[in-house]
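Asks:
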Amino acid sequence: HSVTELQKEGADLLNVLGFQLMESFWERLVQPQIFMAVLFRYPGLDSRWEGGLANGQFMLMPRNSYEAIGGHESVRDRVLEDIALAQVVKRHGRTFISRMAMDHLTTRMYRSLGGLIAGWS
404 HSVTELQKEG ADLLNVLGFQ LMESFWERLV QPQIFMAVLF RYPGLDSRWE GGLANGQFML
464 MPRNSYEAIG GHESVRDRVL EDIALAQVVK RHGRTFISRM AMDHLTTRMY RSLGGLIAGW
524 S
């Protein structure tokens, strides 16, 4: 489905956002707050927004697009390389699309308070 969607839209980057599994007390307390802060900081999934926002859990790019923007080498010094990569895509005048796939993709970012702190720091 993802490759078909990328080709159908003629995009240079497809970002798929799935369900975030949150099982521990700390995950359920902290993660929703951070996700809301991110949504306020980055105005939605609008591909017209010049900043670009992508989640590194599922990013799909054609090889020629990836190489044209310099690949991960172009964001090697960035901590949030997923967001930085989307921004590089936009700066190069290329397009990206985001799609929700809550029923098809589940990820769990952190399993402990220590993991949360380390991961978001």
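The sequence shown begins at 404 in the working numbering and counts up by one.
Glycine included, each C-beta is placed from N, C-alpha and C at the ideal position.
Under the three-state reduction of DSSP, which class applies to residue 444: helix, strand or coil?
Replies: Against the sequence shown, residue 444 aligns to sequence position 41. Residue state, collapsed to three classes: helix.
Asks: Please confirm if the segment 422 to 435 is in contact with the segment 463 to 481, defined as three or more CB-CB distances below 8 angstroms between the two stretches.
Replies: no
Asks: Secondary structure at residue 419, three-state DSSP: helix, strand or coil?
Replies: For the purposes of this step, residue 419 is taken as the residue at position 16 of the sequence shown. Reduced to three states, the DSSP call for residue 419 is strand.
Asks: From the DSSP output, in three-state form, read off residue 498 for me.
Replies: Locating residue 498 in the sequence shown gives position 95, counting from the first residue. In this structure, residue 498 counts as coil in the three-state DSSP scheme.
Asks: Tell me the DSSP bridge mates of residue 509?
Replies: Mapped onto the sequence shown, residue 509 falls at position 106. Answer is 422, bridged to residue 509.
Asks: Indicate whether residue 364 and residue 421 have their beta-carbon atoms separated by less than 8 angstroms.
Replies: Shown here, the chain extends from 404 to 524; a query on residue 364 therefore has no answer.
Asks: Rounded to the nearest angstrom, what separates residue 404 and residue 458 at their Cα positions?
Replies: If you number the sequence shown from 1, residue 404 lands on position 1. If you number the sequence shown from 1, residue 458 lands on position 55. About 18 angstroms.
Asks: Who are residue 463's beta bridge partners in DSSP?
Replies: The residue given as residue 463 occupies position 60 in the sequence shown. DSSP, once it has assigned bridges, lists 417 as partnering residue 463.
Asks: For residue 439, write down the residues that DSSP places opposite it in a beta bridge.
Replies: Within the sequence shown, residue 439 is the residue found at index 36, counting from 1. Answer is none; residue 439 lacks a bridge partner.
Asks: Since I believe residue 496 is in contact with residue 512 (beta carbons under 8 angstroms), could you give me their beta-carbon distance rounded to a whole number of angstroms?
Replies: In the sequence shown, residue 512 corresponds to position 109, counting from 1. In the sequence shown, residue 496 corresponds to position 93, counting from 1. So it is not a contact: roughly 31 angstroms between Cβ atoms.
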